[in-house]
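A.B. asks:
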Amino acid sequence: MKRITIRIGGMGCAACALKIEDSLKKLEGVSDAVVNLVEGRVSVEYDPETVGLPSMEAAIEEAGYSVINEHLTVLVGGMSCAMCAQRIESALKELEGVSDATVNLAAEKAYIAYNPSLASAEDFRRTIEDLGYEFMGTEGDEEIQEDQGPKLRRIAVGFGVSLPLMAMMYLGIHPPVNEGFFMLLVSVVPFAYVSGPIFRGALRSLRSGTLDMDVMYSMGIGVAFLSSLLGTVGVLPSSFMFYETALMLASFLTLGRYLEARAKGKTSGAIRRLMELQPDTATILRDGDEVEVRADELVEGDEVVVRPGDRIPADGRVLDGESYVDESMITGEPLPVLKTRGSEVIAGTINTDGVLRFKVERTGDETFLSRIIGLVDEAQASKPPVQRIADRAVSYFIPSVLMVALAAFLYWYLVEGAGLLISVTVLISVLVVACPCALGLATPTAVTVGIGRGAELGILIKKGEALEVAGRISCVLFDKTGTLTEGKPEVTDIVGDVLGYAAALEARSRHPIAVAVTERVMREGLEIPGVEEFRAIPGKGLEGKINSQHVIAGNRVLMDEFGVEIPADAGKLESEGKTVVMVAVDGEFKGVIAVSDRINPGATAAVGELERMGIRTAMITGDNRRTAEKVAREVGISTVIAEVLPEDKASRVSDLRSRGVGVAFVGDGINDAPALSEADLGIALGGGTDVAKEAGEVVLVGDDPLDTAAALQLAGKVISRIKQNLFWAFAYNVILIPVAAGALYPLGVVFRPEYAGLAMALSSVTVVSLSLSLRGYTPPARRLREL
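Every number in our numbering is 751 more than the matching position in the sequence shown, counting from 1.
(1) Quick check on DSSP: helix, strand or coil for Thr-1199?
(2) Tell me which residue opens and which closes the alpha helix (DSSP H) that Gly-931 is part of.
(3) So Ile-1486 is in the alpha helix (DSSP H); what residue range does that whole segment cover?
(4) Tell me the rounded alpha-carbon separation between Thr-1194 and Ser-1522.
(5) Go ahead and label Thr-1091 buried or exposed: buried means 16 or more other beta carbons lie within 10 angstroms of its beta carbon, across all protein chains shown.
(6) Based on DSSP bridge pairs, tell me the residues matched to Glu-840.
(7) Would you mind sorting Tyr-862 into buried or exposed? The rule is 16 or more other CB atoms within 10 Å of its CB.
(8) Where do the ends of the alpha helix (DSSP H) carrying Gly-1105 lie?
(9) Rounded to whole angstroms, what's the CA-CA distance from Leu-1028 to Ala-1046? Just pull it up for me.
(10) Verify the contact flag: Arg-1143, CB atom, against every heavy atom of the ligand NAD, threshold strictly below 7 Å.
(11) If you draw a straight line from the alpha carbon of Pro-1187 to that of Thr-1176, how long is it in whole angstroms?
(12) In chain order, what are the residue ranges of uninterrupted alpha helix (DSSP H) at least 4 long that sit wholly in the region 1313-1394?
(13) So, are the CB atoms of Thr-1118 and Ala-1144 less than 8 Å apart?
(14) Does Lys-770 come out as helix, strand or coil in the three-state DSSP assignment?
(15) How big is the Cα-Cα spacing for Ala-842 and Ile-949?
(16) Quick check on Cys-1188: does DSSP put it in helix, strand or coil?
(17) Could you spell out where the alpha helix (DSSP H) holding Ala-1253 opens and where it closes?
(18) Taking the DSSP output, what are the residues bridged to Ala-1415?
(19) May I ask you to report which of helix, strand or coil DSSP gives Ser-913?
(20) Quick one: using the 10 Å Cβ neighbour count with 16 as the cut-off for buried, is Gly-1342 buried or exposed?
(21) Along the beta strand (DSSP E) that carries Asp-1066, what are the first and last residues, could you check?
(22) Output needed for His-925: all residues of its chain with C-beta closer than 7 Å, excluding positions within five of it in sequence on either side, in chain order.
(23) What three-state label does DSSP hand Tyr-1075 in the structure shown?
(24) In the region 1124-1166, which residue ranges form an unbroken alpha helix (DSSP H) of at least 4 residues, counting only runs that do not cross its ends?
(25) Let me know the secondary structure DSSP gives Asp-906 once reduced to three states.
(26) Look at the alpha carbon of Lys-1239 and the alpha carbon of Asp-783, and state the distance between them as a whole number of angstroms.
(27) Could you tell me the alpha carbon to alpha carbon distance between Gly-1233 and Leu-962, rounded to whole angstroms?
(28) Is it buried or exposed, Arg-754, if we count other Cβ atoms within 10 angstroms and call 16 or more buried?
(29) Could you give the DSSP three-state label for Gly-1439: helix, strand or coil?
(30) Can you say whether Arg-1533 is buried or exposed, counting buried as having 16 or more other CB atoms within 10 angstroms of its CB?
(31) Considering only the alpha carbon of each residue, which of Leu-1107, Gly-888 and Leu-1006 lies closest to Lys-902?
(32) Would you kindly report the start and end of the unbroken alpha helix (DSSP H) that includes Val-984?
(33) What does the Cβ neighbour count give for Asp-965, buried or exposed, with the cut at 16 atoms within 10 Å?
(34) Does DSSP classify Lys-1291 as helix, strand or coil?
(35) Where does Glu-808 fall in DSSP's three states?
(36) Kindly give me the distance between the Cβ atoms of Phe-991 and Leu-981, rounded to whole angstroms, as I take these residues to be in contact under 8 Å.
Okay, here's the thing in structure tokens:
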């Protein structure tokens, strides 16, 4: 028997613990399960021969709870094609304790979700190295970049020798000694030097029982060199000497990998640029003196001084000073933001003109910048469903190509009688020209660059799946408060002596309307009375006892629920589009407080841009219909769902989806989290709560709803580029493999192996270059805002 510990999320009481224990104990092979509710863990004793971790995790999730795994990013060296990534991914997933593993060929990283009770970084290192690849450390360690110098030297040697040999052949220049032995002596050492890594990669793959591109390339250049050797010693005719071709092929293959590595290195540029925003040092106040320290030594509570031109080293709140801060690198907003006492400042942003003194609130991994980097890195590890096409194709690719190469050789040699020379040339060309690397790179490079570009624009796409879902959105459902409006309402009217009553109740709430009421009381210097038996009634209002009187404050629904008669003139303020808080004492209507929230400046443009894109818009709110319809008219929305309780928002989203509507929900509050999760695509505004950001698949760092359209446009562009990449990758192989197999030979055209090598080198570079073009993409909605 074996015992492991599994971390669990979502438990709230002893009943939860019992439910999880029962679910696990029902599994065959589990002898005991004990939940520690305080630590959020379950200890399971089980028979590993009968039941595994995936079954236990599935049982926990079926019970309605989530499994919290550790996550580790491992840097992997030595991968040459999509087959390498698939081998490592499969091997890691087979390790006990690994819940999921994704290998990003473009980023040269493996993203692993695992249970630390069963697996460790040492297990991952051993597995990767046993496959013949390099374990280059984990994310957070000093990243080791592959040295491209050896590749450049091999390229220089390969072309430096092969080009003169080829020139001699075409110009008819003959050496003074035996031509075959001369070519062998000149090329054998350069060939061994240039092709060495390819043959070593092939041996590594064969030892682990896998076929990959190194095996195919080794066969291609190996056949070319071996036939040359046989031609030199007289076993084959002298026309079979391909020394310069073999060396040039190896050089082209190395050139392709060099260019591919250079291009892949640029795909993760967004994360590197974000990481470079963090300054190395900071100036803090200690006993009244300014002291310079390392930024990573800052702790919560430190007071930091930031001068003009300095980057802010941590998240915090301004204590003193006034200055404009450039936040464009975080939010994508081009204009600097004025910071005064009480304003929040974000690590990595630039202080432009004044001196600020702020108190540190978050450092290290807790800063907003660090969380953005984490989100982007996690998103780049994910795979959109469209990648399954490429993964499935790659798994069949190499065996299919080997069969085509052998069939082409046999056809031209045995059936057509074209001769051994032509047949061998066809064999070599097919083996060299085929390239699944382009297929393997088509999706991850576009996802990596596209999500990185989104981060630069203040659009955080948390999952690769969200990119594909965005293309199916036909309706965007906006929450009103804090999304279409600024979420900072102010009291505009008070009818009756009700401010004190309302403030006493609202002081216990964190709702924006409650904040507006309490701020008004504080401005007027009124004393807020105490409350007993306070109760919040979600979506309706508040109730409590004030000086032994039963007081309720809320909307019409609440008044109706308590049987309070509402005067006819009470709706006048509602007709003006204001949110009204009605107050009743001991069942008698006492008056109203009207609150108004300003329309978000980008709301109208957002609705207009979405409608232009052919996407319907709608608004949902718990507010009264009159207020809701007035806001909707101002921003151009025709469909209004009003007077909806918070818990009903998700069901309204579900209703739309059940009718075949692809729904994106845009919200910012804690009450929006269920709706964000229920929607096909949840879009959380950055100014909202952390809960909303957790629930949404897309986070808009700024508070501009126009970025909703920009996010959908960016997602559409990335998916379009992925499909474009896949088309060219498939088209390249579909067209050139038949050509290499001799399809044009009846016309007198033979696709020489060195041309096949050049074409192979350019295929992956073409796909990666198409993905890199996303780095300069700006969504039309963002350009509209910048006008």
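Note that beta-carbon positions come from the ideal geometry of N, C-alpha and C, so glycine has one too.
C.D. replies: So, from the data block:
(1) Residue 1199 sits at position 448 when you count from the first residue of the sequence shown. Thr-1199 falls in the helix class under three-state DSSP.
(2) Here residue 931 corresponds to residue number 180 of the sequence shown, with the count starting at 1. Residues 930-958.
(3) Residue 1486 sits at position 735 when you count from the first residue of the sequence shown. Counting along the chain, the alpha helix (DSSP H) containing Ile-1486 begins and ends at 1457-1491.
(4) Counting from 1 along the sequence shown, the entry for residue 1194 is found at position 443. Counting from 1 along the sequence shown, the entry for residue 1522 is found at position 771. So the two alpha carbons sit approximately 9 Å from each other.
(5) Position 340 of the sequence shown, counted from the start, is the residue given in the question as residue 1091. That one is exposed.
(6) The residue labelled residue 840 in the question sits at position 89 within the sequence shown. Bridge partners of Glu-840: none, in fact.
(7) Counting from one through the sequence shown, the residue named residue 862 turns up at place 111. By the 10 Å Cβ count, Tyr-862 comes out buried.
(8) In the sequence shown, counting from the first residue as 1, residue 1105 sits at position 354. Unbroken run through Gly-1105: none, as it is neither H nor E.
(9) As a first step, residue 1028 must be located in the sequence shown, where it is residue number 277. As a first step, residue 1046 must be located in the sequence shown, where it is residue number 295. In a straight line, the C-alpha of Leu-1028 is about 12 Å away from that of Ala-1046.
(10) As far as ligands go, the structure on display features none, and thus does not contain the ligand NAD.
(11) To locate residue 1187, count along the sequence shown from 1; it is residue 436. To locate residue 1176, count along the sequence shown from 1; it is residue 425. Near 21 Å, if we compare the C-alpha coordinates of Thr-1176 and Pro-1187.
(12) 1323-1326, 1354-1363 and 1376-1386
(13) Reading the sequence shown from its first residue, position 367 is the one you call residue 1118. Reading the sequence shown from its first residue, position 393 is the one you call residue 1144. It is not a contact, given that the beta carbons lie outside the stated cut-off.
(14) Position 19 of the sequence shown, counted from the first residue, corresponds to residue 770. Lys-770 falls in the helix class under three-state DSSP.
(15) Here residue 842 corresponds to residue number 91 of the sequence shown, with the count starting at 1. Here residue 949 corresponds to residue number 198 of the sequence shown, with the count starting at 1. Roughly 22 Å between the two C-alpha positions.
(16) Start at 1 with the first residue of the sequence shown, and residue 1188 comes out as number 437. In the structure shown, Cys-1188 sits in a helix (DSSP, three-state: H, G or I).
(17) One-based indexing of the sequence shown puts residue 1253 at position 502. Ala-1253 -> alpha helix (DSSP H) spans 1250-1257.
(18) The residue labelled residue 1415 in the question sits at position 664 within the sequence shown. Ala-1415 pairs with Val-1227 and Leu-1432.
(19) As a first step, residue 913 is located in the sequence shown; it is residue number 162 there, counting from the start. It is helical.
(20) Mapped onto the sequence shown, residue 1342 falls at position 591. Buried, because 16 or more other Cβ atoms sit within 10 Å of the Cβ of Gly-1342.
(21) As a working note, residue 1066 is residue 315 in the sequence shown. That run of the beta strand (DSSP E) goes 1066-1072.
(22) For the purposes of this step, residue 925 is identified with residue 174 of the sequence shown, where counting begins at 1. Answer for His-925: no residue qualifies.
(23) Taking the sequence shown and counting its residues from 1, one reaches residue 1075 at position 324. If DSSP states are grouped into helix, strand and coil, Tyr-1075 belongs with the strands.
(24) 1138-1161
(25) Position 155 of the sequence shown, counted from the first residue, corresponds to residue 906. The amino acid occupying residue 906 in the given sequence is Ile; Asp does not appear at that position. It is helical.
(26) Locating residue 1239 in the sequence shown gives position 488, where the first residue counts as 1. Locating residue 783 in the sequence shown gives position 32, where the first residue counts as 1. Rounded to whole angstroms, Lys-1239 to Asp-783 spans 52 Å at the Cα level.
(27) Taking the first residue of the sequence shown as position 1, residue 1233 is located at position 482. Taking the first residue of the sequence shown as position 1, residue 962 is located at position 211. So the alpha carbons of these two residues sit roughly 55 Å apart.
(28) By 1-based counting over the sequence shown, the position of residue 754 is 3. By the neighbour-count rule (16 or more Cβ atoms within 10 Å), Arg-754 is not buried but exposed.
(29) Numbered from 1 along the sequence shown, position 688 holds the residue referred to as residue 1439. The predicted position of Gly-1439 is uncertain, since its pLDDT is 48 and thus under 50; no value can be drawn from it.
(30) On the sequence shown, position 782 is the one that residue 1533 refers to. With 16 or more Cβ atoms within 10 Å of its Cβ, Arg-1533 is classed as buried.
(31) As a working note, residue 902 is residue 151 in the sequence shown. Of the candidates Leu-1107, Gly-888 and Leu-1006, the one whose C-alpha sits nearest the C-alpha of Lys-902 is Leu-1006.
(32) For the purposes of this step, residue 984 is identified with residue 233 of the sequence shown, where counting begins at 1. From DSSP, Val-984 is part of no alpha helix (DSSP H); its letter is neither H nor E.
(33) In the sequence shown, residue 965 corresponds to position 214, counting from 1. By the neighbour-count rule (16 or more Cβ atoms within 10 Å), Asp-965 is buried.
(34) For the purposes of this step, residue 1291 is taken as the residue at position 540 of the sequence shown. Correct three-state label for Lys-1291: coil.
(35) Numbered from 1 along the sequence shown, position 57 holds the residue referred to as residue 808. It is helical.
(36) Counted from its first residue, the sequence shown places residue 991 at position 240. Counted from its first residue, the sequence shown places residue 981 at position 230. Contact flag correct, Cβ pair sits at about 7 Å.
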